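Written below as structure tokens is the structure these notes are about.
Numbering (mature numbering (1 follows the signal peptide of the UniProt record, and there is no 0)), first residue to last: -23 to -1, 1 to 156.
Following this line, the structure appears as structure tokens:
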């Protein structure tokens, strides 16, 4: 995950550098796209802890609204899937997020924070939680937006009378079409 983080930071820096000098772009409107990345999952109950990582991929659909002075607010519904094996036999983890975004546009780049609701289906066990994180978007064209997000999802399960905490950190790269 550390090498992936360095690679993502480098890509984001290269994406942002030329955008500083460009004119402001309009971020308002509906968008839809795909994302992929890496997820690190931590499961803990009492003193027992398990960790695993997985590739993750999914879809997103959202709407941004441009405010005065380059401020942007929006919402996004996303679905991601991953497969973890350290939690016993391979388990599918499906995550649905409803995120609120607030950010600031600088040329073709938008820097934003995320806070929202997250729902996890871990091989048939369902739980709701919270998601939060940071992201950056880059308008490659008037309609194509590239983005990178670092998200954290936190869930509390009860299994066989014991409290189980599941925390997932996800680094995503995505591409969306803005309508």
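Backbone N, C-alpha and C fix where the C-beta goes; we use that ideal spot for every residue, glycine too.
For clarity, every value in this text was computed on a predicted model and none was experimentally measured.
A Cβ-Cβ distance of about 7 Å is found for the pair residue 128 and residue 91, placing them in contact under the 8 Å criterion. If you draw a straight line from the Cα of residue 156 to the Cα of residue 123, it is about 14 Å long. Comparing alpha carbon positions, the residue from 51, 120, 138, 147 closest to residue 126 is 147. Distance from the Cα of residue 113 is smallest, within the candidate group 80, 133, 94, for 80.
Residue pairing by DSSP leaves residue 156 without any beta bridge partner.
In the DSSP assignment, residue 103 falls within the unbroken beta strand (DSSP E) covering 102 to 116. Secondary structure at residue 45: helix, using DSSP grouped into helix, strand and coil.
No residue range can be given for residue 62, since it is assigned to no beta strand (DSSP E) and is classified by DSSP as neither H nor E.
Here residue 69 is not near residue 95, since their CB atoms are 8 Å or more apart.
Remark: three or more beta-carbon pairs, one from each stretch, lie closer than 8 Å, so the stretch 69 to 78 and the stretch 96 to 103 are flagged as touching.
Taken atom to atom, the span from the alpha-carbon of residue 56 to that of residue 76 is near 11 Å. Contact annotation, residue 154 with residue 9: C-beta distance approximately 6 Å; criterion of less than 8 Å satisfied. When the beta-carbon positions are compared, residue 18 and residue 29 come within less than 8 Å of each other.
For residue 22, the enclosing beta strand (DSSP E) covers residues 6 to 22. The beta-bridge partner set that DSSP reports for residue 80 consists of 49, 89. Excluding its 5 nearest sequence neighbours in each direction, residue 149 has C-beta neighbours in its own chain below 6 Å: 12, 14, 126, listed in chain order. Around the beta carbon of residue 26, fewer than 16 other beta carbons sit within 10 angstroms, so the residue counts as exposed.
In this structure, residue 121 lies away from residue 83, with their beta-carbon atoms at least 8 Å apart.
DSSP places residue 119 outside both helix and strand once states are collapsed to three, so it counts as coil.
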